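Chains as they are written, first to last, in my numbering: chain A, 1 to 425; chain B, 1 to 356; chain C, 1 to 294. Below is one structure, written out as structure tokens, with a few remarks after it.
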């Protein structure tokens, strides 16, 4: 280009640098997990800020353990920032409350299309949140230990059936090698219980709520298949196959349990610890194939955000394959697009952790996308706790159904209505 | 007790009482009134729908109670069906579907009476259960905490070496945040590997002993009571200490001169001298016991089988976690009323007793 | 045997008893403190033995280093200290003044106010938390930003939102009230004869003679302010005004780092213990020597 144009451009650049257009600040809140994820997140934001001069993202981290309470309190008084992370199952509740805005018209199609279901949070057909990673549930064990007990190693093609798993555990229990053969990550409370055990319902053909209308719970959560799962769960504790109130989550790590049911966030840790001896098996199959939960912490844009374009720019950056791959590289979590997976060392086809990516693709079922989810999750969690305590399964599930039905009635069904043509009973 | 300043100048009174009263009004009474107002609405934590006035619905839901008689299942000939557990009864949901008046009710307690089963049904059985749990907790913690506090105060009041050190040690639990203390205690109470059960095992020599403290409904509340007493005793010890040191030593000398031994001195000098202090300690312990929440939230989440759900826990769970603010406020307001009544009753009885 | 030995023998059983009780009371805190020096695995393998209460051979400060790196703990400690001091000073003033007017001044409605104050002792914080939240979101505040006085609405993310609602404390008012009631009226007579008004009476005579109850109230207020947990979670989202307790939630996540949690808990507990030690000598010394209760 001519020198005159160059000079003009230089002057323009200086003028804009001299404060004519200082980058607009975008406030972001995220949950503070305090580990590699935070470092990765910080780097990601930095790269975004450096890549363009129009927007500057400023992140505030809020402790994860009390994160939901914090943002709920802020939402009550309209003090939400432009962007924030939300644990995906809570997204419909936030959307229904009017706190966050749909992303369909905000993000380009090319950015959203490659995302696996675990990377999206939808409600009533519209997209409200997007994520970079997912976690899957798996049964972890050590090959040497399984072989020593004479148990077969389950594979993706041939998972354990629920009965088979129980038989293995009973047999092992009788040998006395392990006090509690199954480690169910019992120290984790809150959303873990719903996240980990509602897939068992789905695997049995039941569910937390009928997803056709998001209104019917009776017969779904306390019907035959669901009661079967409830009985199975209760008997794990009655037969002392799993510990009711474990002191820690280290049972499997320290060799006190044979099999652990936990999330793939342990992938890196266990891979380092056990190397090739580690086997990653699908969750038990209750009849309809194993299921794993889907979707983890995702990003949403608040309705009051004055800089939607900036938010969109940031999200596009976040969802790019390279950023997703980088996040996966640093945290070990599962990327939610095939393109990103191909760029990572552990999740590209044929690599050691590809199995988690396959689980996500094959078995993942997101939690019900209804604003009733917090109530549903609380009721389910209580039912599971009561089952651990020895309550009669039919009663425990009935009580959960009652609680959810009551909540739905109090909120006028959250705006859902029964479809005109309803299958009888 | 005499006040000696006559009827005081309103400006002076205002100056002294004003700041605190304004703060109380703004930050405790006003929110309380708002909460009370919320009890008549269906106010939700987050909702796009406007809040509606619902009258006494929340109260009805909270308090409704009915007694229901249930007949056992009978076969065609009218004989009672039995199985290995006894007579067979229809499930609650079946009973309820036969009687439309029972819609929304759930079983709170049931017991057998002859051939029938009497069921106490409530629309919120957990509320009544939590009331009982709360009072049970107060009953457990009161003698434990106050007794231990008095004992500790008597101990550190002696002229023994190291009593300042011990005083600090006994007080240390008070300064620990309840969240932290609850976490540490749940480690100690762990059935298999916790310290408490290990101690029991070594002491009794029996490897099988060691109850499931936080996992069984029989033990959970006592465990929390012990833990709360541990946390609170140090503070009450200080209050008792202040009371003890205000008893004039001449009274003790007089008693010794009259030939009283240590126990008699305790009963006839110490206890009467501590009367006001004892009342204060018991009242404040009881009030704090009624507010039990954090330990339950961290250690047992209201379980097992609702045995540790207290009223405040039930209210917070309904209000914050289940997002029903109107109902959560109703629970706390009704409870507040009950406690107010109980304390008024107690003061009335105490003044009657003092008159005698 | 001589008097010293006899005294020692008498004291010995009491001393042993105190020691045992001391172990019982201190055990959980020893566990917390010892675990803060251990690696997570060591904490749990030691759980059922005596070594849970003492640091093990491989003890290190790694957990402490980690918590200072992962969170802005110095800032949180600073905030909590500021908040607690403000609550203590302001609270003592405000509550003792109200108690004084209730116990030593005559005015209409005094009895009713006393009953209300006693009633307020029963209210657990969780009851009023949410309406209070709505309230403080709408209150105005004058602040100084960039040299100019600015008015903004809402008290979120500030230090004053954690101070002002907690200055008036029903329990402290009651404490002061009981104490003032027991101060003999002769002092008032003497002051009145000297021509002193209520202010002089309060600040020059009553307060200086109330060291024990002031110390007690200081301890109560300090601990309450330091252990604030639910309220800061609700009203402080940013890091600038965050106090110590919510910060512990940062270490609870998918994988709980127990050693760091214990280290954090230790850092957060020890200052309060130190404050108590400082106030305690005051408290005892003045009670013993006050002479009022004689």
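Using N, Cα and C, we set each Cβ at its ideal position, and we do this for glycine too. Since the model is a prediction, treat every value here as computed from it, not as a measurement.
Within its chain, find whatever has a CB closer than 7 Å to the CB of residue i; leave out the 5 residues flanking it on each side and keep chain order.
| i | result |
| --- | --- |
| residue 128/A | 91, 95, 100, 102, 103, 121, 122 and 300 |
| residue 321/A | 337, 339, 340 and 343 |
| residue 270/A | 140 and 278 |
| residue 216/B | 304 |
| residue 252/B | 265 and 269 |
| residue 237/C | 157 |
| residue 43/C | 35, 258 and 259 |
| residue 105/B | 66, 96, 121, 122 and 123 |
Give the DSSP-derived three-state secondary structure of residue i in the structure shown.
| i | result |
| --- | --- |
| residue 421/A | For residue 421/A, the pLDDT reaches just 49, beneath the cut-off of 50, and the residue's location in the model is therefore unreliable, although a value from the coordinates is still provided. Coil at residue 421/A, not helix or strand. |
| residue 83/B | strand |
| residue 254/A | coil |
| residue 135/A | coil |
| residue 19/C | helix |
| residue 107/A | coil |
| residue 320/B | helix |
| residue 365/B | The structure shown does not extend to residue 365/B, since chain B is modelled only from 1 to 356, so the question has no answer here. |
| residue 392/A | coil |
| residue 62/A | strand |
| residue 122/A | strand |
| residue 180/C | helix |
In chain A, which residues lie less than 7 Å from residue i when you measure between Cβ atoms?
| i | result |
| --- | --- |
| residue 233/C | 66, 69 and 70 |
| residue 91/B | 394 |
| residue 42/B | 410 |
If I measure Cβ to Cβ from residue i and keep anything under 6 Å in the same chain, skipping five residues before and after, which residues do I get?
| i | result |
| --- | --- |
| residue 110/B | 117 and 119 |
| residue 261/A | 139 and 184 |
| residue 111/A | 316 and 319 |
| residue 421/A | Because residue 421/A sits at a pLDDT of 49, beneath the cut-off of 50, its placement in the model cannot be relied upon, and the point is left open. |
| residue 363/A | 290, 291 and 292 |
| residue 65/B | 122 |
| residue 305/A | 82 and 311 |
| residue 68/B | 119 and 121 |
Check the DSSP bridge columns for residue i and list the partner residues they point to.
| i | result |
| --- | --- |
| residue 87/A | 297/A |
| residue 116/B | 113/B |
| residue 288/A | Beta-bridge pairing links residue 288/A to no other residue. |
| residue 144/C | 149/C |
| residue 198/B | None, per the DSSP bridge assignment. |
| residue 182/A | 242/A and 259/A |
| residue 475/A | The shown model of chain A, from 1 to 425, leaves out residue 475/A, and the question about it has no answer. |
Looking at the unbroken alpha helix (DSSP H) that takes in residue i, where does it start and where does it end?
| i | result |
| --- | --- |
| residue 70/B | Per DSSP, residue 70/B belongs to no alpha helix (DSSP H); it is in the beta strand (DSSP E), 65-70. |
| residue 247/C | 244-247 |
| residue 171/A | 162-175 |
| residue 241/B | 217-245 |
| residue 49/A | 36-51 |
List the residues of chain B whose Cβ lies closer than 7 Å to the Cβ of residue i, in chain order.
| i | result |
| --- | --- |
| residue 203/A | In chain order: nothing, as chain B lies at least about 26 Å away. |
| residue 402/A | 106 |
Starting from residue i, trace the beta strand (DSSP E) both ways and give me its first and last residue.
| i | result |
| --- | --- |
| residue 31/A | 24-32 |
| residue 262/A | 259-263 |
| residue 281/A | 278-281 |
| residue 19/B | Unbroken run through residue 19/B is the alpha helix (DSSP H), 10-24; no beta strand (DSSP E). |
Identify the contact partners of residue i in chain B, using a Cβ-Cβ distance below 9 Å as the criterion.
| i | result |
| --- | --- |
| residue 386/A | 303, 304, 305 and 306 |
| residue 76/A | 45 and 46 |
List, in order along the chain, the chain C residues whose C-beta lies closer than 8 Å to that of residue i?
| i | result |
| --- | --- |
| residue 353/A | Neighbours of residue 353/A on chain C: none; closest Cβ ~17 Å, over 8 Å. |
| residue 30/B | 131 and 135 |
Mind listing the chain C neighbours of residue i? Cutoff is C-beta to C-beta under 7 Å, in chain order.
| i | result |
| --- | --- |
| residue 327/B | Near residue 327/B there are no residues of chain C at all, since even the closest Cβ is about 12 Å away, more than 7 Å. |
Can you give me the Cβ contacts of residue i inside the same chain, cut-off strictly under 8 Å, excluding the 5 residues immediately before and after it?
| i | result |
| --- | --- |
| residue 365/A | 199, 202, 291, 292, 293 and 294 |
| residue 274/C | none |
Please list the partners that residue i has in chain A, where partner means a Cβ-to-Cβ separation under 8 Å.
| i | result |
| --- | --- |
| residue 247/C | 63 |
| residue 215/B | 244, 245, 388 and 389 |
So which residues on chain B does residue i lean against when the C-beta distance must stay under 8 Å?
| i | result |
| --- | --- |
| residue 15/C | 160, 161 and 162 |
| residue 47/C | 187, 190, 193, 194 and 195 |
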